[in-house]
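Engineer: I'd like to ask some things about the structure below.
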Amino acid sequence: MSLDPITLTVIQAGLQQVCDEMDLSFSRAAFSPVIAEANDRSDGIYAAEDGALIAQGAGGLPVFVGTMQYSTRTLIRMIDEGKAAKPKPGDIYIVNDPYLGGTHLMDVRFARPFYRNGKLFCWLSNTGHWPDTGGVVPGGFSASATAVEQEGLRLPPVRLFKEGVLDEEIFAIISSNIRVADQRIGDVKAQAAALLVGEKRLNELLDRYGDAAVSEAISELRKRAAIQMRAFISDIADGQYTSSAWIDSDGVINDPLEIRLRITKNGDTLVFDFAGSSPPCQGPMNSVQATTYSAVYLAMRHIFPEVPMSAGAFEPLKITGIAGTFLDAQYPRPVSGCAAEVSQRIAEAVFAALVPALPDRVTAAPAGTSGNFALGGHDPQRGRDFVMYQISGGGYGGNADHDGLSNGCSTIGISKAPPVEIMEQAFPVLYHRYALHEGSGGAGLHRGGFGLDYEVELRRGAAKASFVMDHGRFGPQGVLGGKDGGVNTVTVYRDGAPYTPEHLSKEQDIPLGPGDRVHVRTPGGGGYGDPFERSVDDVRNDVRLGRYTPEQARDLFGVEFTGSPPEVDSRATARLRGKA
Amino acid sequence: MGESSRAVVGVDVGGTFTDLVALDQTTGQVKLAKVPSTLDNQAFGVLNALKAAECDLAALDLIVHGTTTTTNAVLERKLAKTGLITTAGFRDILELGRRTRPQPYGMKGEFQPLIPRDLRLEVPERMDCDGKVVTALDEDAVRDAGRQLLDMGCESVVIHYLHAYANPDHERRSADILRTFWPNDHITMGHALLSESREFERGVTAAANAAVQPLLDRYIRRLVSELGANGYDGDVLVMNGNGGMVSSSRVALEAAKTVMSGPASGVMAAAYVGRKAGQGNLITYDMGGTSTDVALIRNAEPSVSNEIEVEYAMPIHVPMVDVRTVGAGGGSISRVNPAGLLEVGPESAGATPGPICYGLGGTEPTISDANLLLGRLDPARLNSVKGGVTLEQVKDIFADRLGSKLGLSPTEAAEAVIRIANTKMAGAIRMVSISLGADPRDFALFAFGGAGPSHACALARELGIPRVLIPSRPGITNAIGCVVADLRHDFVRTINTPLNALDPSHLHGIFADQAKQGELVISKENIAISEVRHLYSVDMQFVGQTHLLRVPLERPDIDLDTLQSLFEAAYFDRFHVALDNIRANVVNVNCSIIGTRAALDLSVLLDPALRKSTLDEAQIGTRPVFFAGTWVNTPIFQREHLPIGFALDGPAILQQMDTTILIEPGDHAQGDADGNIIVRIGDIS
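Right, here's the structure in full:
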């Protein structure tokens with residue numbers, strides 16, 4: 001190697017900076033709150049020859065950690081095969097096809113070829129979650145779709161910008177097929193402008209260090225990331241680590257779906273074998289290959305955040321056994337649940353399998369659902385239709401260091417929840433409660449965090465409620481003797497009468513009238529370690545703060561309380577804990 | 001006091017040191033002191049500093065004080081016992097936050113709310129988003145909740161109801177009820193500090209205020225009485241996070257505004273020095289032992305934000321100077337990662353044990369140690385360290401931890417540490433700058449803090465910044481900020497109205513009201529000021545967008561067409577995206593009223609008696625310093641000895657009590673009349 005390690009580090013920081021500036025530019029200029037507020041987007045640099053990930057913005061949505069290298073790779077292949085147009089400088093391809101290296105249809109990817117001295121040097125690409133891409137329900141999360149066409153408009157890679165100019169005809173087709181189209185031009189321009197920022201900054205980097213040095217650094221950094229990941233893997237004991245994780249149902253057939261995982265650690269590689277997982281399902285809880293791979297990568301990145309995002313980091317990770325399962329769905333299987341739900345369950349399976357191998361690093365299962373409640377209807381007072389989303393967090397898993405965090409965002413997300421006051425300003429609803437889901441933290445030496453408990457009323461007009469959630473049937477897994485976290489519950493009160501969806505966590509179009517209410521409780525995190533080992537002081541504190549009832553404390557933690565206010569009965573506690 | 005306020009003391013309590021500058025405008029005499037902070041009761045440190053500077057308290061006219069009392073209380077959760085009374089169904093808002101985790105990767109993290117769950121009580125009441133009553137206030141429940149909180153030992157209380165920004169009646173009525181029996185003034189209404197929607201942010205802001213109010217109140221009372229007992233009979237002004245001062249008698253009312261007081265004063269000093277030096281556009285770069293802070297100053301006005309998060313899930317949404325932490329400072333630890341690449345930070349040796357060269361038992365190679373090995377810091381100073389560290393010991397650690405793994409000599413490893421650290425810091429500074437819509441190349445770098453001036457020239461080169469400005473006293477800039485700070489009051493009104501539905505006279509009316517309120521408060525503060533300035537701005541967005549863009553206005557009587565075009569221009573400037581068919585929204589109407597104090601003569605900060613008439617006389621020696629792979633015999637100057645208006649070419653090292661300034665080869669340094677140093681960066685200017 002001719003590059004010294006210091007220049008290598010400096011170029012690495014430079015490439016990272018290019019991506020971070022693209023992320024910043026995209027979020028700040030975007031209209032869609034999903035991008036601007038929730039940061040449901042990602043930007044990166046990909047290799048010219050195979051689309052391999054060179055660098056990606058640090059603040060991108062975790063689920064996109066591996067997907068864009070697949071979509072870029074697919075685009076390169078299609079160009080080579082003559083199935084997509086040949087690139088010219090200034091072009092930007094648009095694509096959202098899930099089966100061509102994507103996630104769900106709402107994640108729209110742009111890719112821009114980057115040229116140096118007339119030669120393709122690399123690709124700049126970004127993904128942004130559009131609020132709508134057409135389909136049977138606003139927003140695209142249909143709980144009961146049975147084919148991808150019901151989920152929205154599917155775009156193969158076509159050049160939306162040709163030599164720097166927006167193709168108005170393609171854009172007209174898109175905007176005629178999506179809801180709230182008038183604001184999308186703002187997002188399209190923001191997404192394209194971010195790639196321009198990247199182009200400018202990358203040119204500056206190349207001018208400064210020279211094309212040859214940067215090229216060499218890119219391939220060396222890829223090797224180094226692989227070395228770093230292999231070093232971490234080597235510390236794991238050789239052997240096999242297995243787990244299962246369960247999805248309540250696919251939304252159409254009320255049977256659980258299983259992710260079966262066997263991880264084989266051998267030397268400095270990990271093989272993730274998903275053979276034996278459930279077959280493709282009828283409803284939208286299928287995953288596509290790129291999302292499945294990305295879910296494994298993001299889980300590993302949660303475990304080893306020190307390893308930089310680079311194709312090299314993924315090299316020691318082999319994924320097998322997905323063919324023929326719901327983790328590698330083919331056209332026209334519906335896939336809207338892949339990014340928001342299935343990917344999180346894949347991560348849960350990875351965590352559950354690796355806890356015994358890496359007990360200091362890996363946590364018990366987090367809530368692991370995006371908790372998507374959509375309410376669409378008509379507001380007579382304002383004379384307009386509306387679609388409201390309440391995306392909810394839940395408890396995180398207990399871990400070696402401490403209890404799990406309460407109301408954290410999804411494993412694959414980094415977004416903030418909208419305030420109740422903003423929701424009530426925007427939509428004809430009134431919240432009656434927005435509180436801690438008491439008792440939901442999975443018991444353990446370090447307990448899981450608590451989920452959210454909210455109840456919301458439709459004030460006027462008529463609307464339909466839809467739910468795409470999970471962990472209604474099985475709570476997030478406890479580990480090393482810890483108990484599972486509390487399950488997700490949905491109750492709809494129509495004319496005061498409670499109704500529970502047949503699939504517990506999924507249902508489409510439940511009609512609501514004024515005064516009807518929706519009550520949701522999201523999952524708590526799994527517990528870590530034996531709950532009877534939890535310190536009595538910590539249990540006393542949890543009871544004092546109303547997080548568990550005295551009865552729960554006795555049953556889950558073996559701590560007996562008497563009287564009011566409840567006091568710990570030390571002798572009964574010792575007896576319960578078998579230490580009398 | 002008026003015109004007589006000529007003898008002024010600025011005293012800033014930082015995490016490690018309490019700094020003081022005493023300035024007598026009549027005699028031109030300056031006294032400085034740096035003493036250890038006494039964090040349990042900061043008043044001792046303040047008195048020690050006054051003693052160390054031999055200040056005659058009876059002869060002082062004004063003391064301006066920057067304090068970390070409330071900062072530490074919030075960050076360490078050493079708070080007054082505080083209760084919350086809130087809307088039924090919503091007591092957990094403060095604990096649930098906005099559904100976040102501390103970092104994108106790693107599913108760990110903890111969060112401790114400011115008020116524990118058992119002290120958060122609910123009462124029946126509810127407003128809707130238009131401020132209409134949905135459920136009437138249950139006054140008996142308020143009374144019961146208040147009594148219960150008192151019984152549980154609460155000293156302070158927050159009343160925080162949903163949509164109180166739209167209609168504060170229930171909060172006001174509840175406060176009236178509590179006042180009939182609450183034993184003190186520590187009652188904070190949620191809408192009082194921040195009258196904007198977003199219940200978590202408003203609630204945390206109010207809770208932070210309530211939870212630090214009794215502490216600040218007690219501290220200030222004690223300080224004032226101790227000062228009084230020592231003969232001082234003037235007022236004590238306290239720095240707010242917005243960079244303005246407020247009288248000790250009023251400061252505890254809005255205690256949350258002092259939470260970022262320390263960093264703000266340094267930025268105010270920078271703005272003041274920059275304005276006098278004709279450098280209105282500055283990026284401030286404050287590198288100390290444990291943190292590196294950055295802020296942006298445009299046209300001599302520091303960037304102020306209402307949306308600061310002082311730590312994870314701790315938004316305190318009152319106007320504060322927008323200071324961002326970009327690194328861990330001189331104590332940042334360097335290591336070689338398993339991929340064989342050198343990393344600097346984020347781990348820090350902190351203040352204890354600190355870098356190896358502190359001699360307090362540090363064994364990890366840090367930025368400060370690297371500067372020492374490269375000759376940038378004076379190796380002779382190791383002799384004064386109590387632990388008795390030798391240069392050889394530092395070298396051995398660099399060889400063992402870094403050099404052997406990278407195939408570099410200890411010196412080369414040290415240079416690599418500095419290069420990587422500067423690259424990372426420059427990247428972070430650039431991100432701060434562009435996130436505020438500014439290209440760093442249009443700014444000068446204002447370097448202060450103990451370690452800032454050693455890195456500033458390299459950083460400027462990396463960022464394409466043509467000029468570095470180093471003030472006369474980089475190590476006590478915060479205390480100087482206290483001395484020069486203005487009176488300042490900020491007003492924000494949320495109107496959230498589409499531009500085409502806005503009545504211009506309504507806008508003008510709001511500005512006029514805000515100006516009147518601010519002028520009234522300033523007149524009551526009874527401090528001599530030379531002029532009153534008004535800063536007008538609106539926060540705007542395109543309809544459908546969530547991010548706000550601040551549009552500064554030259555005058556308040558603006559028409560709507562001009563406003564639209566100013567916004568579009570600002571938008572294009574920031575995002576390089578033109579959107580002409582989408583309507584604009586006016587979200588916030590802002591006015592800041594600033595009482596400017598009489599100008600100070602800054603040249604006295606460096607004792608004129610020490611000044612020599614030639615550069616040669618100011619030079620105290622030479623020493624080898626490592627630049628770009630070779631040792632260069634570099635002249636060392638005593639900063640205080642430099643003649644006014646000196647000029648020299650790098651490489652050079654300028655030493656002074658509170659910092660070391662590194663002028664790199666190719667750079668050109670020049671002194672100005674106020675004692676500042678302006679460095680022209682070779683390759684850029």
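Those sequence lines, one after another, are chains A and B.
Numbering-wise (our numbering), the first sequence opens with residue 1 and increments by one.
Numbering-wise (our numbering), the second sequence opens with residue 1 and increments by one.
Quick reminder that beta carbons are idealized off the backbone N, C-alpha and C, glycines included.
Return helix, strand or coil for A/K506, following the three-state DSSP convention.
Structural biologist: Looking at A/K506 - three-state DSSP - the assignment turns out to be strand.
Engineer: Of all Cβ atoms in chain A, is any one closer than 8 Å to the Cβ of B/K424?
Structural biologist: At least one chain A Cβ lies under 8 Å of B/K424.
Engineer: Buried or exposed: which applies to B/E196, given that a residue is buried once 16 or more other Cβ atoms fall within 10 Å of its Cβ?
Structural biologist: By the neighbour-count rule (16 or more Cβ atoms within 10 Å), B/E196 is buried.
Engineer: Is B/A270 close to chain A? Criterion is C-beta to C-beta, closer than 8 Å.
Structural biologist: Chain A, which has no Cβ nearer than 8 Å to the Cβ of B/A270, makes this no.
Engineer: Report the rounded CA-to-CA distance for B/P319 versus B/T205, giving the unit in angstroms.
Structural biologist: Cα to Cα, the separation comes out at about 11 Å.
Engineer: Quick check on A/R521: does DSSP put it in helix, strand or coil?
Structural biologist: Three-state result, A/R521: strand.
Engineer: Can you pull the chain A residues whose beta carbon is under 7 Å from the beta carbon of B/P116, in chain order?
Structural biologist: The answer, in chain order, is L545.
Engineer: Since A/E341 and A/S294 are thought to touch, with beta carbons under 8 Å apart, how far apart are those beta carbons, to the nearest angstrom?
Structural biologist: About 14 Å; that fails the 8 Å criterion.
Engineer: Considering only their Cβ atoms, is the gap separating B/P214 from B/M268 smaller than 8 Å?
Structural biologist: No, they are not a contact pair.
Engineer: Keeping to the same chain, check which residues put their C-beta closer than 7 Å to that of A/Q344; ignore five residues upstream and five downstream.
Structural biologist: Here the set comprises G368, T369, S410, T411 and I412.
Engineer: Give the secondary structure of B/S4 by DSSP, where H, G and I count as helix, E and B as strand, and everything else as coil.
Structural biologist: In this prediction, B/S4 has a pLDDT of 44, which is less than 50 and means its spatial position is unreliable; what the coordinates show is noted afterwards. Reduced to three states, the DSSP call for B/S4 is helix.
Engineer: Can you pull the chain B neighbours of A/D21, defined as C-beta to C-beta under 9 Å?
Structural biologist: One detail in the question is off: residue 21 of chain A reads as Glu in this sequence, not Asp. The contacting residues are R430, M431 and I434.
Engineer: Could you name each continuous alpha helix (DSSP H) segment of 4 residues or more that falls completely within the stretch 121–197 of chain B, going from the start of the chain to the end?
Structural biologist: Listed in chain order, the complete alpha helix (DSSP H) runs (minimum 4 residues) inside the stretch 121–197 of chain B are 139–151, 169–179 and 190–193.
Engineer: Do B/A33 and B/V212 count as a contact pair if the criterion is CB distance below 8 Å?
Structural biologist: Contact: no.
Engineer: Tell me the residue span of the alpha helix (DSSP H) that contains A/V63.
Structural biologist: First-last for A/V63: undefined, no H or E at that position.
Engineer: Leaving out the 5 sequence neighbours to the left and right, which residues in its chain are closer than 7 Å to B/S4 when beta-carbon positions are compared?
Structural biologist: At B/S4, the pLDDT of 44 sits below 50, so the modelled position is not reliable; the number obtained from the coordinates is stated separately. Contacts found: D61.
Engineer: Does DSSP put A/H437 in a helix, a strand or coil?
Structural biologist: Strand at A/H437.
Engineer: Are any of the Cβ atoms in chain A nearer than 8 Å to that of B/A339?
Structural biologist: Yes, its Cβ sits closer than 8 Å to a Cβ of chain A.
Engineer: Which complete beta strand (DSSP E) runs does the stretch 320–396 of chain B hold, if anything under 3 residues is left out?
Structural biologist: 324–327, 332–336 and 342–348, all fully within the stretch 320–396 of chain B.
Engineer: What residue range is occupied by the uninterrupted alpha helix (DSSP H) comprising A/K223?
Structural biologist: Note, A/K223: alpha helix (DSSP H), D211 to S234.
Engineer: Given that B/T205 touches chain A, what residues does it touch there, using C-beta distances under 8 Å?
Structural biologist: Ordered by position in chain A, no residue passes the 8 Å Cβ test against B/T205, which lies about 13 Å from the chain.
Engineer: How big is the Cα-Cα spacing for A/Y93 and A/P157?
Structural biologist: Whole-angstrom Cα-Cα distance: 6 Å.
Engineer: Roughly how many whole angstroms lie between the Cα atoms of B/E554 and B/L296?
Structural biologist: Roughly 20 Å separates the two Cα atoms.
Engineer: Counting only Cβ pairs nearer than 8 Å, list the residues of chain B close to A/Q587.
Structural biologist: In the structure as shown, chain A starts at 1 and stops at 580, and residue 587 of chain A therefore has no counterpart that could be examined.
Engineer: Nearest-angstrom Cα distance between B/T497 and B/N585?
Structural biologist: Rounded to whole angstroms, B/T497 to B/N585 spans 6 Å at the Cα level.
Engineer: The stretch 77–109 of chain A: which residues have C-beta closer than 9 Å to a C-beta of chain B, in chain order?
Structural biologist: The stretch 77–109 of chain A vs chain B, Cβ under 9 Å: nothing.
Engineer: Just to check my reading of the structure: B/I661 and B/R639 have Cβ atoms closer than 8 Å, yes? What is that Cβ distance to the nearest angstrom?
Structural biologist: At roughly 7 Å, the Cβ-Cβ gap stays under 8 Å, so B/I661 and B/R639 are in contact.
Engineer: If we call anything under 8 Å between Cβ atoms a contact, is A/G101 one with A/T74?
Structural biologist: Their beta carbons are under 8 Å apart, which means A/G101 touches A/T74 by this criterion.
Engineer: Measuring alpha carbon to alpha carbon, tell me which of A/S249, A/G134 and A/G152 ends up nearest A/H503.
Structural biologist: Of the listed residues, the one whose Cα sits closest to A/H503 is A/S249.
Engineer: Cβ atoms of A/G397 and B/M107: under 8 Å apart, would you say?
Structural biologist: Yes, the Cβ-Cβ distance between B/M107 and A/G397 is below 8 Å.
Engineer: Which of the three DSSP states is assigned to B/A686 in this structure?
Structural biologist: Here chain B has residues from 1 to 685 only, and residue 686 of chain B is not among them.
Engineer: Could you have a look at A/H432 and say whether DSSP puts it in helix, strand or coil?
Structural biologist: Strand, per DSSP.
Engineer: Does the beta carbon of B/H455 sit closer than 8 Å to a beta carbon anywhere in chain A?
Structural biologist: No, B/H455 does not count as interfacial toward chain A.
Engineer: Does DSSP put B/F542 in a helix, a strand or coil?
Structural biologist: B/F542 falls in the strand class under three-state DSSP.
Engineer: I'd like to check one pair, A/L8 with A/E220: are the Cβ atoms closer than 8 Å?
Structural biologist: Taking 8 Å as the Cβ cut-off, A/E220 and A/L8 qualify as a contacting pair.
Engineer: Can you check which of these residues, B/A255, B/G327, B/G83 and B/R550, is closest to B/A428 by C-alpha distance?
Structural biologist: Ranking the options by Cα distance to B/A428, first place goes to B/G327.
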